[in-house]
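Engineer: Residue numbers (full-length UniProt numbering): 1 to 309. Cβ coordinates follow ideal geometry from the N, Cα and C atoms, glycine included. Since the structure is predicted, the reported quantities are computational estimates derived from the model, not experimental observations. Before anything else, here's the structure in question.
Printed below as a string of C-alpha cells:
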C-alpha cells in the first residue's frame, strides 16, 4: 500500500465512473442522461482523463463510440477501482449504522458447495462475528472475471487455462473426472473405465467450463469415438438424461457428492485419469486487513482439513 500522503494522479472516482459508463453504453447522450450531467461536462471529464493517462481512450465518429486499444486495456482497472471503492463505502456506512466491522464477498462454483458449507460460514461467524459474509455462486469463467474487477474478494474455483497468472492461487485438492451411467449399464463396474470403452456411446456434459472443452477436444481428436450429444446447464437435467438411458455423463467427481440414487452408478475414468484442481483464488492487488484475515482463516482451515484426510 502507498503512504496516505503520497501524491496521487489527478483523477477522481466520478471521472472514472464517467469513463466506465461511456465504455459500457458507447453513446454520449445516453451516458450523460444516465449520469445526470451535461454532455460538455462529460466531454471535459474524458479529455482530462486522457490528458492524465497520456492517450486517447475512445474513437469518436458521428455514428459510433468505440474503445481504443488503450481504453480497452485501462477499462478493467477502472472497473476494479470503482468496485473496491463502492465496497469500501458500503462497509463504512454499515459500520456507522450498525457498528459492524464490514463485509467480505466470497465466490464459488456451485460444484464446490460441499467443500464450503457448513464449515466456512461457521468458521467466519466464530472468528469474525461482526462481519457480514456474502456468498456469490457463478460459473468458473465468471468468478475469474469478478475477481479481476474487484467485485468479489476471493473465491474457490477450478484451475484451467482461463485463470490468469495475475491471480494468487492456492491449490486445495484434485477432483478427478468420472462417468455417471445407469446402474444396469454393461460398463457400470466399480473397478474403473477406460475412455476407449466409451466408443460409440452418447455423452452429456455441462455446456460451459473447462470440462466441456476437455471432453469435446478428446472426442474430436480422432483417438476416441464417443459422441458429445448433449450439453446442458443444470445438474438435474444431466442426471435426467442419464436416467433416461439417453447418454453417459462425464463430470468432476465432486458433483456426485450428494448423488444418492440406486439407479445410477459413478464409475472412475482411467487411461488417462484426468483431474481438475480446486483452488482458493484472489487478486494480487492489495486488500483490506479484514479481507486478508478472512482469506487466511479459510486457507488455514482447508490446510488443516487436508492434513487430517
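How would you write the range of the alpha helix (DSSP H) that residue 252 sits in, first residue to last?
Structural biologist: Segment 248–252 is the beta strand (DSSP E) holding residue 252; no alpha helix (DSSP H) there.
Engineer: Does the stretch 194–205 come within contact of the stretch 224–231, defined as at least 3 CB pairs closer than 8 angstroms?
Structural biologist: The stretch 194–205 vs the stretch 224–231: in contact.
Engineer: Specify, as a first and last residue, the run of the alpha helix (DSSP H) that residue 304 falls within.
Structural biologist: Segment 289–308, the alpha helix (DSSP H) holding residue 304.
Engineer: If the criterion is Cβ atoms closer than 9 angstroms, does the pair residue 214 and residue 269 meet it?
Structural biologist: Result no, Cβ atoms of residue 214 and residue 269 do not sit closer than 9 angstroms.
Engineer: Could you give the distance in angstroms between the alpha-carbon of residue 304 and the alpha-carbon of residue 252?
Structural biologist: Those two C-alpha atoms are separated by around 23 angstroms.
Engineer: I need the DSSP call for residue 267, collapsed to helix, strand or coil.
Structural biologist: Note: residue 267 maps to strand in three-state DSSP.
Engineer: Residue 117: buried (16+ other C-beta within 10 angstroms of its C-beta) or exposed?
Structural biologist: It is exposed - the Cβ of residue 117 has fewer than 16 other Cβ atoms within 10 Å.
Engineer: Report the partner residues of residue 278 according to the DSSP bridge assignment.
Structural biologist: Note: residue 278 sits in a beta bridge opposite 158, 173.
Engineer: Going by DSSP, which residues form a beta bridge with residue 131?
Structural biologist: For residue 131, which the question treats as bridged, DSSP gives the partners 102.
Engineer: Closest to residue 103 by C-alpha separation, out of 152, 25, 51, would be which residue?
Structural biologist: The option with the nearest alpha carbon to residue 103 is 152.
Engineer: Got a sec, what are the start and stop residues for the beta strand (DSSP E) residue 60 sits in?
Structural biologist: Start and end: 58–60.
Engineer: Could you tell me the alpha carbon to alpha carbon distance between residue 191 and residue 242, rounded to whole angstroms?
Structural biologist: Roughly 20 angstroms between the two C-alpha positions.
Engineer: Go ahead and label residue 92 buried or exposed: buried means 16 or more other beta carbons lie within 10 angstroms of its beta carbon, across all protein chains shown.
Structural biologist: Looking at its Cβ environment, which holds fewer than 16 other Cβ atoms inside 10 Å, residue 92 is exposed.
Engineer: Who are residue 203's beta bridge partners in DSSP?
Structural biologist: 228, 248.
Engineer: So what does DSSP say about residue 310, is it helix, strand or coil?
Structural biologist: This structure gives no information on residue 310, because the portion of the chain shown stretches from 1 to 309.
Engineer: Taking the beta strand (DSSP E) that residue 68 belongs to, which residues open and close that run?
Structural biologist: Looking at the DSSP string, residue 68 is not in any beta strand (DSSP E), and its letter there is neither H nor E.
Engineer: What does the alpha-carbon distance come out to for the pair residue 313 and residue 163?
Structural biologist: As shown, the chain starts at 1 and ends at 309. That puts residue 313 outside it, with no answer to give.
Engineer: Per DSSP, residue 136 forms a beta bridge with which residues?
Structural biologist: Bridge partners of residue 136: 107.
Engineer: Can you tell me where the alpha helix (DSSP H) holding residue 20 begins and where it ends?
Structural biologist: Start and end: 13–25.
Engineer: Applying the 10 Å Cβ sphere with the 16-neighbour rule, what's the burial state of residue 87?
Structural biologist: Looking at its Cβ environment, which holds 16 or more other Cβ atoms inside 10 Å, residue 87 is buried.
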